[in-house]
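Remarks on the structure that follows.
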Amino acid sequence: MKQLNLLTLSLVFFLQLHLLQETLAYQDYGQPCRPSNYYNFNLQPCRDWLGLTCTSGTCQCRLTNSSFDTTRHSCVASLGSECDGATECATGYCNRRRRCQCHPGQRLASDGRSCLKRFGEICSNDSNCDTISRLRCVSGVCACPNQTETYYHHDTSLCRVRIGSVCQQANDGLQCPTDANCVPIPNPELQNFSWCQCNSTYPTPSDSFFGYKSSSSRNSYPTCLRVHTHNDSCHDGLSPSRIRNVCNSTSLLTCVAGRCSCDVDRDHKWDSVNERCAVEKGRTCFMRSNNILPESININVAVPTDREVHCMAGLKCVILTNTEYLSKGICTDE
């Protein structure tokens, strides 16, 4: 049994050695070779798995418009040229028609020989990145320049200037968000500068909107919003980065089933006189003891202890207990 195992191992070893010798016997790029129909056994055929074929006595790339890439050590095809399993594309990919083309979303470089890198793709210099999208090579990745002042807008595939940042009104400059305009800064000392400001479609920047904070990657930068009132349409199923229509949280409105509504679970009702959610007679009310709430208090969490809850029009809040910031009471007749 041991002799049989040794014999098997020996056969496997000599078979692998024979295959290795055959592989090494095949000629590399530029070396003398034997054409497939020429039986001079002093010469060896080319390594066809590298895309090579014997042409005029030397190993050359088989496909038209292909060249030998010394880095990949194989033949590669240029954009628009024929490609196959042995000949890869120099850039882009080999499509179903066996032609090299750029990946979806990539643009062709001005020289027509390379594909420009998209946002987030690895690069070595600025020329690798899509200049139409205003991308630059930042720390080895295609990104927007000065990411404190700009951001990448995926819907338009463009780098854009953030709200409140300096912009250029020239057509060749970086553009503001689609819901903002590049307008002069209203400051005599900065009369030669412009900045991105929200337009009439979405006029309210979130950094000045009490109670609204986005949890998106742009959470530290203002976004143009339109603040809606009671019974207006809203989007409660969208991610914070996509919300552009929000309910007025200073009126204690929340988005429920696509409408700006009062919190019925807390017995809040819409007070059309004062235009806010409020409570009726006999319900608990909260009045602010101090006009300034510290940052440690989370004004985004809708619990009775973090905001004022007013009484309906015609009622008053009779205080029962006091805290440093909010006073608790009961709504009664005035």
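Those letters in the sequence shown? Residues -25 to -1, 1 to 309, by mature numbering (1 follows the signal peptide of the UniProt record, and there is no 0). Glycine included, every Cβ here is placed at the ideal spot set by N, Cα and C. Remember, predicted model here, so these are calculated numbers, not experimental data.
Environment of residue i [buried if 16+ CB atoms lie within 10 Å]
| i | result |
| --- | --- |
| Asp130 | exposed |
| Gln122 | exposed |
| Glu63 | buried |
| Lys92 | buried |
| Arg109 | buried |
| Glu164 | exposed |
| Ile138 | buried |
| Asp308 | exposed |
| Ser208 | exposed |
| Gly233 | exposed |
| Asp105 | buried |
| His285 | buried |
| Ser264 | exposed |
| Asn266 | For Asn266, the pLDDT reaches just 48, beneath the cut-off of 50, and the residue's location in the model is therefore unreliable, although a value from the coordinates is still provided. So Asn266 counts as exposed. |
| Pro152 | buried |
| Asp246 | buried |
| Gly304 | buried |
| Thr125 | buried |
| Thr28 | buried |
| Gln172 | buried |
| Arg71 | exposed |
| Val248 | exposed |
For residue i: DSSP bridge partner residues
| i | result |
| --- | --- |
| Asp308 | Leu290 |
| Ser226 | Bridge partners of Ser226: none, in fact. |
| Pro159 | Ser169 |
| Gln150 | Arg135 |
| Leu94 | Looking at the sequence provided, one finds Phe at residue 94 rather than Leu. For Phe94, which the question treats as bridged, DSSP gives no partner whatsoever. |
| Arg282 | Answer is none; Arg282 lacks a bridge partner. |
| Ala65 | DSSP, once it has assigned bridges, lists no residue as partnering Ala65. |
| Cys50 | Phe43 |
Whole-number beta carbon distance between residue j and residue i, since they are thought to touch under 8 Å
| i | j | result |
| --- | --- | --- |
| Leu227 | Cys237 | 7 Å |
| Val158 | Ser169 | 6 Å |
| Asp59 | Arg73 | 6 Å |
| Asp23 | Ala61 | 7 Å |
| Gly115 | Ile97 | 6 Å |
| His243 | Val221 | Incorrect: roughly 18 Å between the Cβ atoms, too far for contact. |
Residue i beta carbon near the ligand SAH (any heavy atom closer than 7 Å)
| i | result |
| --- | --- |
| Pro152 | This structure lacks the ligand SAH; in fact it carries no ligand of any kind. |
Three Cβ pairs or more, each shorter than 8 Å: is that satisfied between the stretch 245 to 253 and the stretch 291 to 301?
no
So does the stretch 51 to 63 actually touch the stretch 82 to 100, counting three or more Cβ pairs closer than 8 Å?
yes
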